[in-house]
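Asks:
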Amino acid sequence: MDPSTDLRGAGLLGLMQTLYFVMDSRILPVAREIFKLSHHEVQNFPFCVMSINITRIVIQVLREERLSRECNRRQQVIAVLNDLYVAVFLRLFNIWKTQQKTISDSGFILKELEAFAKKNPKQLLRHMETFMNGSSAAGGDDSFQAPAFSLDVLSPNLSSGTVDGKELDFASIDDLTTKKAQDS
Numbered sequence: 002m003d004p005s006t007d008l009r010g011a012g013l014l015g016l017m018q019t020l021y022f023v024m025d026s027r028i029l030p031v032a033r034e035i036f037k038l039s040h041h042e043v044q045n046f047p048f049c050v051m052s053i054n055i056t057r058i059v060i061q062v063l064r065e066e067r068l069s070r071e072c073n074r075r076q077q078v079i080a081v082l083n084d085l086y087v088a089v090f091l092r093l094f095n096i097w098k099t100q101q102k103t104i105s106d107s108g109f110i111l112k113e114l115e116a117f118a119k120k121n122p123k124q125l126l127r128h129m130e131t132f133m134n135g136s137s138a139a140g141g142d143d144s145f146q147a148p149a150f151s152l153d154v155l156s157p158n159l160s161s162g163t164v165d166g167k168e169l170d171f172a173s174i175d176d177l178t179t180k181k182a183q184d185s
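If you number the sequence shown the way the working numbering does, the last residue is 185 and the count never jumps.
#1: Evaluate A116 with the Cβ neighbour count: other Cβ atoms within 10 Å of its Cβ, from every protein chain shown; 16 or more gives buried, anything less gives exposed.
#2: Taking the C-alpha atoms as reference points, what is the distance between F46 and Q77?
#3: Can you list, in chain order, the residues of its chain with a C-beta nearer than 7 angstroms to that of I53? Leave out the 5 residues immediately preceding and following it.
#4: Short of 7 angstroms in beta carbon distance, which residues of its chain neighbour S107, apart from the five on each side in sequence? Order them along the chain.
#5: Shortest alpha-carbon distance to M133 belongs to which of D84, K112 and S105?
#6: Counting C-beta neighbours from all protein chains within 10 Å, is the total for V43 16 or more, i.e. buried, or is it exposed?
#7: Measuring only the C-alpha atoms, how far is Q18 from D25?
#8: Which of the three DSSP states is assigned to K102 in this structure?
#9: Name the two residues that bound the continuous alpha helix (DSSP H) containing I60.
#10: Please report how far the alpha carbon of R70 lies from the alpha carbon of K37, in whole angstroms.
#11: At which residues does the alpha helix (DSSP H) containing L20 begin and terminate?
#12: Using 8 angstroms for Cβ pairs, my map puts L82 next to L63. What's the rounded Cβ distance?
#13: Can you tell which of E130, I79, R75 and Y86 has its C-alpha closest to the C-alpha of I58?
#14: Which residues mark the beginning and the end of the alpha helix (DSSP H) in which H128 is found?
#15: Using alpha carbons as the reference points, say which of V31, L13, F22 and C72 lies closest to D94.
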């Protein structure tokens, strides 16, 4: 198998971005909330499949050279791709949750996300950064105003990783290393 063409065209980057999403401590609370929504009784969706689809969108934005300026400005490519991935996933989460979307809406939502990301990558990145820095309202497109990119749509306790009372435990590499050292 060729990892560059498998996983719905996202290849190894799709796996790497999913890992980044659940292992970066700054993003983990958001990943937990999205994971919780993916297990919702009515609004559930396949978390990893959605993640791979978002990576595919990020790749398309890159292929259309809509990230060139940002990559050159930062002198980084993977960091920009990861930030756009988080921004698109946040946008998906907010649309999905606030508009009560279900799996039957996923095809339409993914098409809309891709069109928006291709047209507005800089805006997505800016709003994601504002959101991650704790501000709930960023100017610009009304579809991105609070609550669309607000902590209001996230659970009150972001650090509680639970779904239906069951603990979600995304382990980071540091956690695994620490546990291994304690077991020795």
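Glycine included, each C-beta is placed from N, C-alpha and C at the ideal position.
Replies: In short:
#1: Flag for A116 reads exposed.
#2: Distance between the alpha carbons of F46 and Q77: 32 angstroms.
#3: For I53, where only same-chain residues beyond five positions count, the Cβ hits under 7 angstroms are L8, R9, A11 and G15.
#4: Apart from the 5 residues on each side of it in sequence, S107 sits with its Cβ closer than 7 angstroms to the Cβ of F46 in its chain, given in chain order.
#5: Closest in C-alpha terms to M133, from the list D84, K112 and S105, comes D84.
#6: Exposed, because fewer than 16 other Cβ atoms sit within 10 Å of the Cβ of V43.
#7: So the alpha carbons of these two residues sit roughly 10 angstroms apart.
#8: K102 falls in the coil class under three-state DSSP.
#9: First-last of the alpha helix (DSSP H) with I60: F48 to R64.
#10: Going from the Cα of R70 to the Cα of K37 covers about 35 angstroms.
#11: Boundaries of the alpha helix (DSSP H) around L20: G12 to M24.
#12: Yes, they are in contact, since the Cβ atoms of L82 and L63 sit about 7 angstroms apart, within 8 angstroms.
#13: Ranking E130, I79, R75 and Y86 by Cα distance to I58 puts Y86 first.
#14: Start and end: P122 to M133.
#15: Checking the displayed sequence, the identity of residue 94 turns out to be Phe instead of Asp. In terms of CA proximity to F94, V31 leads the group V31, L13, F22 and C72.
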